[in-house]
Amino acid sequence: MDALPIRDDLRGRSPYGAPQLDVPVRLNTNENSYPVPEPVIEAIGKAVAAELRDLNRYPDRDALALRADLAEYLGHGLDVRHVWAANGSNEVQQQLFQVFGGPGRTVLGFTPAYSMHPLLALGTGTGWLDGRRGDGFGLRPADAVAQVARHRPDLVVLCSPNNPTGTALDLDVVAAVLAEAPGMVLVDEAYAEFARPGTPSALSLLPGHPRLVVTRTMSKAFGFAGGRLGYLAADPAVVDAVQLVRLPYHLSALTQAAARAALAHRGTLLATVELIKAERDRIVAALRAQGRRVADSDANFVLFEVGGDQRTAWQVLLDQGVLVRDVGVPGWLRVTAGTPAETDAFLTAMERL
Numbered sequence: 044m045d046a047l048p049i050r051d052d053l054r055g056r057s058p059y060g061a062p063q064l065d066v067p068v069r070l071n072t073n074e075n076s077y078p079v080p081e082p083v084i085e086a087i088g089k090a091v092a093a094e095l096r097d098l099n100r101y102p103d104r105d106a107l108a109l110r111a112d113l114a115e116y117l118g119h120g121l122d123v124r125h126v127w128a129a130n131g132s133n134e135v136q137q138q139l140f141q142v143f144g145g146p147g148r149t150v151l152g153f154t155p156a157y158s159m160h161p162l163l164a165l166g167t168g169t170g171w172l173d174g175r176r177g178d179g180f181g182l183r184p185a186d187a188v189a190q191v192a193r194h195r196p197d198l199v200v201l202c203s204p205n206n207p208t209g210t211a212l213d214l215d216v217v218a219a220v221l222a223e224a225p226g227m228v229l230v231d232e233a234y235a236e237f238a239r240p241g242t243p244s245a246l247s248l249l250p251g252h253p254r255l256v257v258t259r260t261m262s263k264a265f266g267f268a269g270g271r272l273g274y275l276a277a278d279p280a281v282v283d284a285v286q287l288v289r290l291p292y293h294l295s296a297l298t299q300a301a302a303r304a305a306l307a308h309r310g311t312l313l314a315t316v317e318l319i320k321a322e323r324d325r326i327v328a329a330l331r332a333q334g335r336r337v338a339d340s341d342a343n344f345v346l347f348e349v350g351g352d353q354r355t356a357w358q359v360l361l362d363q364g365v366l367v368r369d370v371g372v373p374g375w376l377r378v379t380a381g382t383p384a385e386t387d388a389f390l391t392a393m394e395r396l
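Just so you know, we're using my numbering here: the sequence shown kicks off at 44 and counts up by one.
Take a look at the structure:
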């Protein structure tokens, strides 16, 4: 690749990705560990089969039926005009960066956070501003506002719950940033369904805030990671704007049909959320009982301190058949909450550290 005339700012970089290793317990990518239930498999299969005869035709370019279903799921008075969908929340966010970022513009994120956001900035020619969190990986309104005031970014990205730390933001932070930011404010709520009781969503702030965008995904709580379906909720003007950069017919008819079938059976699919939350809380309690520092989590994963080089700890766990994630935070690792058996294996492996 070195011999190719690629962009200078891409040369020498590595693509985003986590190790995909064949080990007994894979807890490194925040997937839902529970397989899709048989009744939902049958429903998705029928929905997809119904589209096969017309695969010679392009799909609904605007995915209107799917967007209406997503709006109904979200509630908050939203309708099809407020929702946009794409192949995972990554593509949704890339479209937002394309429209509201780009050459000569900047985006501010507060790290450690989702490591794909700086790559989206790089890919769209948007300048990345590395904001900082406080002690315990928290973000206070005053600190966030001060950084927005100093940098005056065109786009601010907030994660709630935050990946890799897991904790949801107080809405006071979002409201304060909205009041100060000169441009758009994106709240990434990929793990919102796993939040602890009483945790509010930034969706409640959408009325009266036309520069606020909330992104979600079906990959996590719905166990639909292989289906690749993400979406946003925002003012209708934002939905119109992202269509300026969306690729023609970007969502296949099969994806739309499968996602609609999954949404129709959301009660069955989301039944695993409480099971996963119980395992998350079990992991937090067990690791704290070992005397380790553990970040509060409103997601389906836990960030924990290993008390030394996290790369060495990662390998110790891997040698026992447990794959977790080294997210680049010195001395800390992240583990996905999965099934009780997976939690057992992880906690047993942790006894070797």
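Glycine included, C-beta positions come from ideal geometry on N, C-alpha and C.
Cross-strand partners of residue i (DSSP beta bridge)
i      : result
Phe347 : Val337, Leu376
Val126 : Ala276
Gly397 : This structure leaves residue 397 out entirely; the chain is present only between 44 and 396.
Leu198 : Val150, Met227
Val365 : Val68
Arg259 : Tyr274
Buried or exposed (CB count within 10 angstroms, at least 16 for buried), residue i
i      : result
Tyr430 : Here the chain comprises residues numbered 44 to 396, so residue 430 is not present and cannot be evaluated.
Gln138 : buried
Lys263 : buried
Arg175 : exposed
Gly358 : Note on identity: in this sequence residue 358 is Gln, with Gly being the wrong assignment. Classification of Gln358: exposed, given that the 10 Å Cβ count is below 16.
Ala245 : buried
Ala192 : exposed
Glu236 : buried
Ile49  : exposed
Ile87  : buried
Pro102 : buried
Gln63  : exposed
Gln333 : exposed
Gly144 : buried
Gly201 : Here the sequence assigns Leu to residue 201, which means Gly is not the residue at that position. Flag for Leu201 reads buried.
Leu47  : exposed
Met8   : Lying before the first or after the last residue shown, residue 8 is absent from the chain, which here runs from 44 to 396.
Ala185 : exposed
Gly364 : exposed
Thr167 : buried
Leu89  : The identity of residue 89 in the sequence shown is Lys, whereas the question assumes Leu. Its Cβ having fewer than 16 others within 10 Å, Lys89 is exposed.
Ala296 : buried
Gly269 : exposed
Ala328 : exposed
Glu134 : buried
Pair within 8 Å by beta-carbon distance, residue i and residue j
i      : j      : result
Val142 : Ala284 : yes
Ala305 : Leu313 : no
Gly266 : Tyr77  : yes
Pro250 : His125 : no
Thr379 : Leu70  : yes
Leu272 : Gly131 : yes
Ala156 : Leu294 : no
Pro196 : Leu248 : no
Val217 : Leu182 : no
Leu360 : Ala392 : yes
Leu165 : His194 : no
Glu385 : Val68  : yes
Leu221 : Leu255 : yes
Ala276 : Thr242 : no
His308 : Val91  : no
Arg54  : Pro291 : no
Leu198 : Gly179 : no
Leu376 : Ala356 : yes
Gln136 : Thr260 : no
Residue span of the alpha helix (DSSP H) that contains residue i, given as start and end
i      : result
Ala355 : Residue identity differs from the one stated: residue 355 is Thr in this sequence, not Ala. Its alpha helix (DSSP H) spans residues 353-362.
Thr392 : The question names Thr, but residue 392 is Ala in the sequence shown. Here the alpha helix (DSSP H) through Ala392 covers 383-393.
Leu117 : 107-117
Leu139 : 131-143
Arg331 : 314-332
Ile84  : 81-95
Arg303 : 296-307
Met159 : 159-166
Using a Cβ distance threshold of 8 Å, determine whether the region 351-370 contacts the region 225-235, with at least three qualifying pairs required.
no
Say whether the region 300-309 touches the region 351-364, bearing in mind that this needs 3 or more beta-carbon pairs closer than 8 Å, one atom from each stretch.
no
Meets three-Cβ-pair contact criterion under 8 Å: the region 94-112 and the region 316-326
no
Evaluate the contact criterion for the region 87-99 versus the region 150-167: three or more CB pairs, one atom per stretch, below 8 Å.
no
contact_flag[the region 201-212, the region 328-348] where n(CB pairs < 8 Å) is 3 or more:
yes
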